[in-house]
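In the working numbering, the protein residues as written are 7 to 696.
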């Protein structure tokens, strides 16, 4: 073994530090319990089910100015180790670390966490463990805590009480653990390459163009290979990232690393010793360096996708009535342009607002995607009440005031009415993901916020294009039918698709809540319809005085109950399991692929119209199911109706921001094939036959 003098000094320094830490821990156990990084062991489920796994988190909270270390601490630190005392039948996997930061102190590189962080480990409970068995875990954890002036080895006894049970996870715990899981690096589905040339070591990482890289850094988990403090030079060769740095050590064979991306995200990479292709195209670290082809393609897809959304049953009536408002006004050009611009402004601003909220929540660590507002029953209830109000207005049950939004829903002209109609159309259109929207909105995952927001705005612009064209093109406006009695009949016919939307939202609420939990929302909807009916009667001078008061009291009570119930997030078991396959999870996918059979994974939601159309028209067709059964295809369903951070991350890994997403895993394939967003029975049966 040949070591340079510099490498020898570094290794000696680490050895001395490790021995010092061990001596201090051994000789001063009582003092070591007073730690500068406070550990706490928690379990996602306190009642793990036999034959299944649960997740442990060891949270580490450094005091101000102190920091802990990644698995490979760098030049002077080391990671955490635990000596477990586990009961029989319990197996604990190694801890997984979140993405660290690079910190240089006195010329030495440290891989650290200067903020609270959590290490995660999977716990497997053997099938033979009897329910009710005490599975309390304990262990002695050792780690190094440092400031910029001093390092202290620390240890503590950690434990968590567990009992074999049904594996139930409280909603609050699931949310907390999902937040920690979101900070873990994701595995890259292909291996990278590395080679040593003299005192230079190069790494090749397969990463598609367009991936955001703002001040990237490659952390090596494998020790004794690179000079940690040496500068890292990043360049691109097509779909490969090339990293060059100084070598320092004699490591050979496969190595493991972590590439830190923009926004604190990271990818774990397995590197095989192979030649690395060089490139003369350096990667700019500036956050505004984006793939303009990706940007313009995504923007065009969003505009076209928004245009298609006008055909959806909850949007088309609104657009139609606004067009007819121009016919009623006599086609005044100035008024038409004003109303069209106001409609466009409303659609674009709401789309930008929803997109901005989405980006802000994702930046804060939330695992959500497009149409996130419909993953909570309270938002669905608001939309349901709005749909009921529109339906009854279209039927002529009541008339809205002639101001602001009232003009929008009654089809009257006016800039204010146009604005609120456009806003409403954009809000109700978000559950629909057309064939062009999936990839377009998925691009917002890898673009910086300033480039992602115009894509959301493009969706609103596409939604407003038909009305904008009518307002600014006299030839189109002149083709509108002349005003007449037929408009009353047409208005009532438009109540049909809106009424179907009401029924669909009722069904969605029942799916989200389940059982008796839907009573409060049903009462609120019924009382709202009753009050609007009474309001219409009073407009015609036919209403009694007591009925509105009685209905208002019932509505107030039911509304208060609904808000308390739905904001608690304790609203039942959610959507029922889909009979066509098993529920998706990373473990279920791994087990399915291990069978050597084809695997079909699809992600859906009850509020996604195109998802339901594909399920009825292709996936659940008898011929398709028979073909799947004959070839042993394993089907996994990811239900995103109520939101699921695990599914959200999976969508993001495949460049999607919402459903539907269809994945086909051929036996032995390294990565899945992403199927089109419009499925046909022939496409699926051909995949089986192929």
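For glycine and all other residues, C-beta sits at the position ideal for the given N, C-alpha and C.
Asked	Found
For residue 669 versus residue 607, is the C-beta distance shorter than 8 Å?	yes
On the DSSP letters alone, give me the boundaries of the alpha helix (DSSP H) that residue 617 sits inside.	615-620
Which whole runs of the beta strand (DSSP E) in the region 36-92 are 3 residues long or more, in chain order?	43-49, 59-68, 74-80, 87-91
Suppose you measure from the CA of residue 348 to the CA of residue 651; what does that come to, to the nearest Å?	36 Å
Using 8 Å as the cut-off, can you tell me whether the region 48-68 makes contact with the region 125-135, which would need three or more C-beta pairs spanning the two stretches below that distance?	yes
Ends of the beta strand (DSSP E) at residue 239?	239-243
From 496, 501, 642, 431, pick the residue whose C-alpha is nearest to that of residue 469; which is it?	431
Thinking just about the alpha-carbon of each residue, which of 644, 649, 674 is nearest to the one in residue 667?	644
Could you have a look at residue 349 and say whether DSSP puts it in helix, strand or coil?	helix
Quick one: Cα of residue 461 to Cα of residue 621, how far?	28 Å
Using C-beta distances below 7 Å, list every residue in its chain close to residue 511, excluding the 5 sequence neighbours before and after it, in chain order.	386, 389, 390, 393
Verify the CB distance criterion: does residue 628 have a CB-CB separation below 8 Å to chain D?	Reference to chain D is not applicable here, since this structure consists of a single protein chain.
Where residue 240 and residue 210 are concerned, what is the direct C-alpha to C-alpha distance, given to the nearest angstrom?	10 Å
Would residue 49 and residue 168 be called neighbours here (beta carbons separated by less than 8 Å)?	yes
So, is residue 509 buried or exposed, given that buried needs 16 or more other C-beta atoms within 10 angstroms?	exposed
If you run the structure through DSSP and keep just helix, strand and coil, what is residue 692?	helix
Have a look at 207, 405, 465 and flag the residue whose alpha-carbon is nearest the alpha-carbon of residue 429.	465
What first and last residue would you give for the alpha helix (DSSP H) that runs through residue 503?	501-519
Taking DSSP as the reference, what is the three-state secondary structure of residue 313?	helix
Could you have a look at residue 626 and say whether DSSP puts it in helix, strand or coil?	coil
Name the DSSP beta bridge partners of residue 422, please?	Answer is none; residue 422 lacks a bridge partner.
Residue range of the beta strand (DSSP E) that residue 645 falls in?	640-645
Assuming contact is defined by CB atoms lying nearer than 8 Å, are residue 344 and residue 422 in contact in what I supplied?	no
Output the distance between the C-alpha atoms of residue 323 and residue 310, rounded to the nearest integer angstrom.	20 Å
Would residue 471 and residue 355 be called neighbours here (beta carbons separated by less than 8 Å)?	no
Tell me which residues share the same chain as residue 214 and place their Cβ nearer than 8 Å to its Cβ, disregarding the 5 neighbours each side in the sequence.	245
For residue 484, name the three-state secondary structure that DSSP assigns.	helix
Do residue 255 and residue 277 have their CB atoms nearer than 8 Å?	no
Let me confirm a value: residue 513 is counted as buried when at least 16 other C-beta atoms fall within 10 Å, else exposed. Which label applies?	exposed
Spell out a yes or no on whether the region 611-631 and the region 675-694 are touching, meaning 3 or more CB-CB pairs, one atom from each, closer than 8 Å.	yes
Verify whether the separation of the beta carbon atoms of residue 251 and residue 282 is less than 8 Å.	no
Looking at the unbroken alpha helix (DSSP H) that takes in residue 399, where does it start and where does it end?	383-400
For residue 114 versus residue 81, is the C-beta distance shorter than 8 Å?	yes
Based on DSSP bridge pairs, tell me the residues matched to residue 209.	200, 249
By how many angstroms is the C-alpha of residue 147 removed from the C-alpha of residue 90?	8 Å
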